[in-house]
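Number of protein chains: 2
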Amino acid sequence: MRIGELAKATGTKAETIRYYEREGILPAADRTDSNYRDYSDNHLAALTFVRRARQLGFSMAQVRELLALSDSADKPCQEVDELVREQLEEVEQKIVDLSSLRNELRLLLRSCEANRIGECRIVESLALPFK
Amino acid sequence: MRIGELAKATGTKAETIRYYEREGILPAADRTDSNYRDYSDNHLAALTFVRRARQLGFSMAQVRELLALSDSADKPCQEVDELVREQLEEVEQKIVDLSSLRNELRLLLRSCEANRIGECRIVESLALPFK
DNA sequence: GCTTGACCTTGTAGTTGCTACAAGGTGCAT
DNA sequence: ATGCACCTTGTAGCAACTACAAGGTCAAGC
Ligand SMILES: [Zn+2]
Ligand SMILES: [Zn+2]
Ligand SMILES: [Zn+2]
Ligand SMILES: [Zn+2]
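Sequence order for the protein chains is Z and S. The first sequence begins at 1 in our numbering and counts up by one. The second sequence begins at 1001 in our numbering and counts up by one.
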């Protein structure tokens, strides 16, 4: 299968797939006589794995680790678990941070009682030091 | 005041302040005889505004708009309100996205019932197409 | 047979918002 | 006079792509 098909099958842009190959995230594909990349089902599975991990918020570095781990069938699960747990912790922290941001923005929105910027509380409170 | 003082006063790195000047986010400072930047209280207020907006999650482009608006005291508040509302909407959307991510990661974590990667459900479900 | 168009190739540069040097100049205390 | 903290400019790096540019390949249609 050519790069365009693989791209469609996985919802990835062809340029991203080439980027993954350059970065060593995906193994290089075979080449046809005309030098087109020729992908196998293994590539499809690998790219699916990568994309799913990325969509779950794992960094490229974490994806590399996950890929390496998924290749060592006899290792205990612990390291995989730990990676997932860390990612979960990061996501939870981001939610906390964004929630307090949301609260601040809501307060800000409610604070405007004027009609012109000269007296706008929003603009005023932006000019105040944070916290 | 020199760049280092302004940096300390606003919790910004000096390099970031110079970056803002290059980007036109902050007006250029006066220069001393020895070519050091020399900041006024107006600069302090402007940088405070910028940093606060950035901490609230506004993009540089939005900060530019906010700065421009805050200079036109006679305009109605509407455009400021709209910018804040849009930022709020974006933050809320991010929270929604991260929450479903969090749920997926929790499911993933609970799914592991094996001890070796060869049978690990986590690794299996990463290899499955998303959704 | 020749053109059109979709696809593919490599290589390079842009995105966002900084951050980190490198190489040198300035200011003040000891 | 020497050390050290601070300042200057300019350039390159980060993450994870994305967007060209300039050209090669292949099947279809006339
Ligand atoms: Zn941990
Ligand atoms: Zn207002
Ligand atoms: Zn809106
Ligand atoms: Zn497991």
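Even for Gly, the Cβ is constructed at its ideal location relative to N, Cα and C. Note that the structure is predicted; figures quoted are calculated from it, not measured.
- Looking at the DSSP output, Asp1038 of chain S bridges to S:Asp1030.
- For Leu1128 of chain S and Val1091 of chain S, the gap between their C-alpha atoms comes out near 29 angstroms.
- Distances taken from the Cβ of Ala1068 of chain S to the heavy atoms of ligand 4 include none shorter than 7 angstroms.
- Shown in chain order are the residues whose CB sits closer than 7 angstroms to a heavy atom of ligand 4: Z:Cys77, Z:Val80, Z:Asp81, S:Cys1112, S:Ala1114, S:Ile1117, S:Cys1120, S:Arg1121, S:Ile1122 and S:Val1123.
- Three or more beta-carbon pairs separated by less than 8 angstroms are not found between the stretch 75-94 of chain Z and the stretch 37-47 of chain Z, which leaves the two stretches without contact.
- Residue pairing from DSSP places Arg1116 of chain S in a beta bridge opposite Z:Pro76.
- In the displayed model, Ile1025 of chain S falls within coil according to three-state DSSP, outside both helix and strand.
- At a beta-carbon threshold of 8 angstroms, none of the residues of chain Z lie near Asn1035 of chain S; the nearest stands roughly 29 angstroms away.
- Near chain S, meaning a CB-to-CB distance below 8 angstroms, no residue of the stretch 16-30 of chain Z qualifies.
- Taking 8 angstroms as the CB threshold, Asn115 of chain Z lines the interface with chain S.
- By the beta-carbon neighbour count (other beta carbons within 10 angstroms, threshold 16), Arg52 of chain Z is buried.
- For Asp71 of chain Z, the three-state secondary structure derived from DSSP is coil.
- Take the alpha-carbon of Asp1074 of chain S and the one of Leu108 of chain Z: they are about 20 angstroms apart.
- At a cut-off of 8 angstroms between beta-carbon atoms, Asp81 of chain Z makes contact with chain S.
- Take the alpha-carbon of Lys1013 of chain S and the one of Ser125 of chain Z: they are about 22 angstroms apart.
- In terms of Cβ geometry, Leu6 of chain Z and Leu66 of chain Z do not form a close pair [threshold 8 angstroms].
- No Cβ of chain Z is located within less than 8 angstroms of the beta carbon of Lys1008 of chain S.
- Per the coordinates, the alpha-carbon of Asp30 of chain Z lies some 12 angstroms from the alpha-carbon of Glu21 of chain Z.
- The continuous alpha helix (DSSP H) containing Ser1125 of chain S extends over residues Arg1121 to Leu1126.
- In this structure, the alpha-carbon of Val1096 of chain S lies about 11 angstroms from that of Glu1089 of chain S.
- For Asp1074 of chain S, the chain Z residues whose Cβ falls inside 8 angstroms of its Cβ are Arg116, Ile117 and Gly118, in order along the chain.
- Cβ neighbours of Lys8 of chain Z within its own chain (closer than 8 angstroms, five residues either side excluded): none.
- Against chain Z, the CB of Gly1004 of chain S has no partner CB under 8 angstroms away; the residue lies outside that interface.
- For Leu1047 of chain S, there are no neighbours in chain Z by C-beta distance under 9 angstroms, as the nearest C-beta there is about 10 angstroms away.
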